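Following our numbering, the numbering of the sequence shown begins with 39 at its first residue and continues without gaps. Okay, so here's the structure we're looking at.
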Amino acid sequence: MTPRTGLSTLAYSAPHIQDSESLAATENRPFAIKTSNLFKTYRNGGKVVDALGGVELAVERGEFIGVLGPNGAGKTSLIEILEGIRQPDQGEVEVLGTKVQDQKAMQKVRARIGIALQHSVLPPLTTVAELLSFQRGLYDSKVDPEMIMDLVGLSDQRAKRVGGLSGGQQQRVAIAMALMGDPDLMFLDEPTSQLDPHARLALWEILYAQRNRRNTSVLITTHQMEEAQRICDRVLIIDKGKIIAEGAPNDLIRRHFRHRRVYFVTAGDVQIETSQSDHQVIQLRDGRAQHQILSSAPLEMLAEMSARYGDKLTEVSIAEPTLEDLFLKLTPHAARRVQ
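Below is the structure:
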């Protein structure tokens, strides 16, 4: 597959590996991760909980993969198994060409992996420069800490203690640490949750450059649906321990939605008649009404409405469904858990 190369190519839509595609048909592809029939259970108050139920996953070299799911869906269990932190109860894991059965096997590839957690526990009294130099020693890496600090925008904080940095700056430190080993595979947990828009853009450019230079694969766990739709070559939606949807974001959206949402505004006393069953009206503060209608033929419907109501319709727009819409559609039970 041809991965995205930068933010200028965000419209790129990667081909979807179909669920029915056999491993035999893809065995010659260079994979960063392959799993087969992963199961994991744990006990919660005496009750056995199925964290993973037969997960099959294949991540090609150079892919950006978004791992999405409600809280408690199994994302953490899957990522921790892939990182070598936990072992599955059943199934096989292959990381960067090495079959990982235990911690000893994982040591063979650990130096080629970079990990940045959302809430990394960093030594507060250590300076940024000291921490990155120490990290380089762990990887036996030739990467220059000064170059990495400049890359992630930490040069001005190089002599500051990590404990005195802001949340966003500490997040940059965690990402810098993940880059110190010049990794072939990266796991990023909510990497942009504390970054401003400019810093987010800069981070993705850094990761694209790393991918273009080393064909690095990146797995991102995130709740930022808009960002995942723009950035990721593929997304996995996990729920109740199973992958319930997998593919390029725009492909998945087209597959699950045949309608578009049409918006227009009228004066509050205008009565709109439509045959569409999903017609919602929101009363605005200025007395006008905003109408929302789902339609499989939005342009034709708007033409009909314009012919019928003329200039009584204003602020007309058509909204494409989003990855967030898809996520909400596929995981409706998650909303009930937070009510």
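In this text, a Cβ means the ideal position worked out from N, Cα and C, and glycines have one as well. Quick caveat: nothing in here was measured; it's all calculated off a predicted structure.
In angstroms, rounded to a whole number, what distance separates the CA positions of residue i and residue j?
i, j, result
"residue 234", "residue 301", "30 Å"
"residue 60", "residue 241", "Annotation note: pLDDT 39 at residue 60 (below 50); position unreliable, coordinate value reported separately. Spanning the two alpha carbons is a distance of roughly 35 Å."
"residue 276", "residue 126", "17 Å"
"residue 371", "residue 274", "18 Å"
"residue 332", "residue 349", "21 Å"
"residue 369", "residue 175", "44 Å"
"residue 360", "residue 90", "27 Å"
"residue 131", "residue 251", "26 Å"
"residue 100", "residue 281", "21 Å"
"residue 283", "residue 290", "8 Å"
"residue 47", "residue 292", "Note that residue 47 scores 30 on pLDDT, short of 50, meaning its location in the model is unreliable; the coordinates nonetheless yield the value given after this. The straight-line gap from Cα to Cα measures roughly 19 Å."
"residue 162", "residue 256", "28 Å"
"residue 188", "residue 194", "9 Å"
"residue 317", "residue 191", "48 Å"
"residue 342", "residue 354", "13 Å"
"residue 78", "residue 88", "6 Å"
"residue 197", "residue 223", "29 Å"
Taking the Cβ atom as the reference point for each residue, do residue i and residue j lie within a distance shorter than 7 Å?
i, j, result
"residue 152", "residue 219", "yes"
"residue 93", "residue 73", "yes"
"residue 136", "residue 147", "yes"
"residue 154", "residue 213", "yes"
"residue 232", "residue 205", "yes"
"residue 102", "residue 270", "yes"
"residue 319", "residue 352", "no"
"residue 186", "residue 226", "no"
"residue 107", "residue 113", "yes"
"residue 294", "residue 340", "no"
"residue 357", "residue 299", "yes"
Mind checking who residue i pairs with in its DSSP beta bridge?
i, result
"residue 152", "224"
"residue 130", "74"
"residue 114", "BP columns for residue 114 are empty, so no partner."
Any chance the CB of residue i is under 6 Å from a heavy atom of the ligand FAD?
i, result
"residue 366", "This structure lacks the ligand FAD, and indeed carries no ligand of any kind."
Three Cβ pairs or more, each shorter than 8 Å: is that satisfied between the stretch 176 to 187 and the stretch 213 to 231? Judged by Cβ distances under 8 Å, the stretch 176 to 187 makes contact with the stretch 213 to 231, as three or more pairs qualify.
Residue ranges of each alpha helix (DSSP H) run of no fewer than 4 residues wholly in the stretch 173 to 242, ordered along the chain? Correct list: 183 to 189, 205 to 217.
Taking only runs that begin and end inside the stretch 318 to 366, name each unbroken alpha helix (DSSP H) of 4 or more residues, in chain order. Runs of the alpha helix (DSSP H) lying entirely within the stretch 318 to 366 and spanning at least 4 residues, in chain order: 336 to 347.
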